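A quick write-up on the structure given underneath.
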Amino acid sequence: ETVILPESGETSFGLFAQDEHGIAPSPNVVRVVDLENILEKEPNNTRETATVGPAPAALNGILQEPADYDYFRFPAKKGQVFDVRTYAREPLRSAVDTVINVYRATGGSRVGGNDDSGGPDSYFRFTAPADDDYILQIYDHLKAGGPEYVYRVEVSPPKPSLTLSLPEVQQYVPVNIPVARGNRMAVMVNAKRENLGGELALACEGMPQGMSLDVANMPANRTDVPVLISVAADAPLGGALADLQARPVDENLKHVVGHLRQRTMLVRGQNNRDVWGHNADRVALAVTEPLPFTIDIAQPKVPIVRRGSMGLKVVATRQEGFDGAIRLRMIYNPPGIGSSASISIPAGKTEASIPLTANAGAALDTWRIVVVGSTALGGGTVQTATQFANLTVADTYFDMVVGKTAAEQGQEVQLPVQITKKQDFEGNATAQLLGLPTGTTCEPVEFNKDATEIAFKITIAADARPGRFKGVLCRTVVTANGEPITHTLGPGELRIDKPLPPKPTDKPKPPPQAAPQPKPAAPPKPAAPKPLSRLEQLRQEKLKEAQGK
């Protein structure tokens with residue numbers, strides 16, 4: 012069999028060995044690239060005996076025996092940039108686990124190297140620090156070798172490249188795209204750029220008859236974009252493997268074409284390691300039987316603002332006899348936008364609202380959004396998509412500084428809010444406090460575009476829980492085109508105190524009484540007897556004796 016190789020570009024394809032006994036189950040990979048081939052010349056296992064060649068070039072050889080080192084020598088100018096990439100395990104199925112290093116020939120300093128770059132094959136980029144010769148060293152990580160230790164090292168200047176993929180919705184399940192007649196389906200397309208910037212234009216060739224693609228250009232600062240695929244109501248049933256492509260909008264880079272490279276793991280090992288799989292370069296598309304419902308986004312008439320929220324209305328049109336629940340999901344959220352993933356249109360109902368929120372750094376732009384709906388039908392799950400709708404993300408209409416206040420249980424208190432207008436609005440806005448504790452009430456307050464301050468009157472019940480509540484927010488609603496524009500700003504603080512206990516009063520004075528009477532004087536104590544003389548003692552004794560007679 013004669014194989015015609017492409018004249019230019021870079022590609023790989025497989026050739027299957029075949030004879031009268033059959034065909035091989037796997038191909039021999041042929042890589043076509045515009046580089047000069049340099050084959051090693053033995054001996055080249057030292058720097059001094061390195062095989063000499065130019066750069067850029069493809070360096071080829073075999074690590075013939077254990078502990079074998081191969082060396083190649085090539086010149087480079089100061090500032091030249093080279094990608095050094097090994098092809099061994101993939102796609103050659105070689106036994107070698109390469110390690111590569113590059114050294115300056117003058118002085119021997121190492122300028123770069125690599126063992127594994129996301130796999131056993133090696134890759135790194137280096138910039139030549141000076142005009143000199145450079146020496147590339149290659150060996151096996153375990154110092155093994157043998158006839159099957161074949162390698163190819165491509166030393167080439169960086170080239171722009173572009174690869175597309177379809178992000179998985181369910182892990183390890185490849186993305187195929189069935190689209191019902193008269194309906195739509197949406198997926199995300201991811202682009203991996205290498206040495207390439209700028210805006211990308213996407214297209215798809217070879218789609219089934221009656222199928223069309225709606226996709227905007229992918230901006231330079233984005234790596235993914237939503238794609239909407241529609242099918243006419245009279246399209247014939249069938250499928251195709253279509254070529255999904257991307258090209259830079261820049262005319263100077265139109266020669267760079269990105270195609271799909273979708274990896275499907277067919278055999279997974281421990282920890283879901285990719286043991287054996289398949290790389291697809293086409294996307295599987297199919298036109299299927301009609302579904303009993305369609306869904307549409309009610310186009311928002313107002314923007315969602317930073318630190319704000321919105322309900323995205325989705326409406327279902329049901330055919331008679333179908334009343335199942337339809338689960339809804341945004342297939343992607345613009346930067347800074349969050350959406351609920353647990354919303355369904357209930358059985359028998361025709362609409363639901365997906366809550367959207369915008370953080371303080373949400374990207375200010377108009378974004379194309381799309382919602383996918385799924386339901387159980389015929390023993391499986393079927394899906395369809397809405398049309399594209401525009402979601403505008405805008406800055407806040409005003410800034411607010413919610414103040415701090417404090418009061419006791421059973422009292423009323425004012426909470427001030429300072430307003431700084433950023434853009435005009437019609438009519439009055441309504442403001443309401445959120446995050447107040449149980450036992451407190453507060454009525455909404457209205458204000459117009461000229462207001463610079465408002466105040467909320469908070470009534471605190473006698474049994475309200477005391478404490479400091481720092482998460483008080485102010486939710487404001489501005490109405491435009493009949494729809495709300497909701498801001499949630501703050502926070503402020505409310506402190507609730509217990510009433511202080513009553514202060515102690517002075518003790519009452521006793522009633523007036525009669526003046527106390529002076530106590531009678533105690534009789535005087537008798538004076539101590541004087542001591543008697545001896546003569547007096549004898550006289551008294553004589554007296555007592557006489558009285559005794």
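Heads up: the sequence shown runs through residues 12 to 560, numbered per the working numbering.
All residues carry an ideal CB built from backbone N, CA and C; glycine is no exception.
Remember, predicted model here, so these are calculated numbers, not experimental data.
What number of angstroms, rounded off, separates the C-alpha of residue i from the C-alpha of residue j?
| i | j | result |
| --- | --- | --- |
| His152 | Glu179 | 34 Å |
| His289 | Val278 | 10 Å |
| Thr234 | Gly478 | 48 Å |
| Gly130 | His32 | 36 Å |
| Ser353 | Ser133 | 44 Å |
| Ala358 | Val382 | 18 Å |
| Gln256 | Ala214 | 5 Å |
| Ala35 | Pro158 | 22 Å |
| Asn263 | Leu177 | 27 Å |
| Lys433 | Tyr408 | 5 Å |
| Ala336 | Phe304 | 11 Å |
| Ile146 | Leu207 | 29 Å |
| Ser19 | Ser172 | Because the pLDDT of Ser19 is 49, which lies under 50, any placement of that residue in the model is unreliable, and the question is left without a value. |
| Met411 | Glu504 | 14 Å |
| Ala363 | Leu271 | 35 Å |
| Lys415 | Arg204 | 51 Å |
| Arg115 | Ala295 | 49 Å |
| Thr499 | Lys324 | 20 Å |
| Pro346 | Pro513 | 57 Å |
| Asn344 | Thr397 | 15 Å |
| Cys453 | Gly446 | 11 Å |
| Val184 | Pro259 | 30 Å |
| Tyr98 | Gln181 | 32 Å |
| Arg318 | Ala491 | 18 Å |
Kindly indicate which residue of the options has the alpha-carbon position closest to the one of residue i.
| i | options | result |
| --- | --- | --- |
| Arg84 | Val294, Leu50 and Thr328 | Leu50 |
| Lys89 | Thr109, Phe137, Thr62 and Leu103 | Phe137 |
| Thr57 | Ala68, Glu101, Ser105 and Tyr150 | Tyr150 |
| Ser320 | Gly391, Leu207 and Glu494 | Glu494 |
| Gly250 | Gln256, Ala257 and Val242 | Val242 |
| Ala442 | Val43, Asp245, Lys468 and Glu262 | Lys468 |
| Val489 | Val294, Ile342 and Pro314 | Pro314 |
| Asn370 | Arg258, Ala66 and Asp406 | Asp406 |
| Asn112 | Leu252, Gly384, Asn187 and Arg121 | Arg121 |
| Thr403 | Val316, Val164, Val456 and Asp474 | Val316 |
| Arg379 | Thr117, Leu239 and Asp292 | Leu239 |
| Phe135 | Asp144, Gly156, Lys154 and Val110 | Val110 |
| Phe399 | Gln425, Ala155 and Ile306 | Ile306 |
| Leu375 | Gly390, Ile356, Thr392 and Asn401 | Asn401 |
| Leu252 | Pro168, Val186 and Lys52 | Val186 |
Does the beta-carbon of residue i have 16 or more other beta-carbons within 10 angstroms, so that it is buried, or is it exposed?
| i | result |
| --- | --- |
| Trp287 | exposed |
| Ala440 | buried |
| Gln562 | The chain is shown only over 12 to 560; residue 562 falls outside these bounds and no answer can be derived. |
| Phe93 | buried |
| Asn125 | buried |
| Asp81 | buried |
| Arg96 | buried |
| Tyr160 | buried |
| Pro237 | buried |
| Asn459 | exposed |
| Ala197 | buried |
| Gly384 | buried |
| Leu74 | buried |
| Ser105 | buried |
| Val424 | buried |
List the whole-angstrom C-beta distance separating residue i from residue j, where the pair is believed to meet the contact cut-off of C-beta under 8 Å.
| i | j | result |
| --- | --- | --- |
| Val298 | Pro219 | 5 Å |
| Asn201 | Thr395 | Actually they do not touch by this definition, with Cβ atoms about 22 Å apart. |
| Ser351 | Ile365 | 6 Å |
| Glu47 | Ala61 | Incorrect: roughly 17 Å between the Cβ atoms, too far for contact. |
| Asn228 | Glu216 | Not quite, the Cβ-Cβ distance comes to about 17 Å (not below 8 Å), so this is no contact. |
| Asp245 | Gly221 | 7 Å |
| Ile430 | Thr463 | 5 Å |
| Val393 | Cys485 | With 8 Å as the limit, Val393 and Cys485 do not qualify as a contact, their Cβ atoms being about 44 Å apart. |
By the DSSP assignment, the beta strand (DSSP E) with residue i in it spans what residues?
| i | result |
| --- | --- |
| Phe436 | Element bounds for Phe436: n/a, residue is neither H nor E. |
| Asn492 | From DSSP, Asn492 is part of no beta strand (DSSP E); its letter is neither H nor E. |
| Gly178 | The sequence given here has Pro at residue 178, not Gly. Per DSSP, Pro178 belongs to no beta strand (DSSP E) and is neither H nor E. |
| Phe93 | Val92 to Tyr98 |
| Val382 | Val382 to Leu388 |
| Tyr343 | From DSSP, Tyr343 is part of no beta strand (DSSP E); its letter is neither H nor E. |
| Pro366 | Glu362 to Ala369 |
| Leu74 | That residue, Leu74, is in no beta strand (DSSP E); it is neither H nor E in DSSP. |
| Ser320 | Gly319 to Arg329 |
| Val110 | Thr109 to Arg115 |
Is residue i close to chain B, meaning its C-beta is less than 8 Å from at least one C-beta of that chain?
| i | result |
| --- | --- |
| Val267 | The chain inventory of the structure shown lacks chain B, comprising one protein chain alone. |
Should residue i be listed as close to the ligand NAD, given that the test is whether its C-beta is under 7 Å from any heavy atom?
| i | result |
| --- | --- |
| Leu271 | Ligands displayed in this structure: none; no statement on the ligand NAD is therefore possible. |
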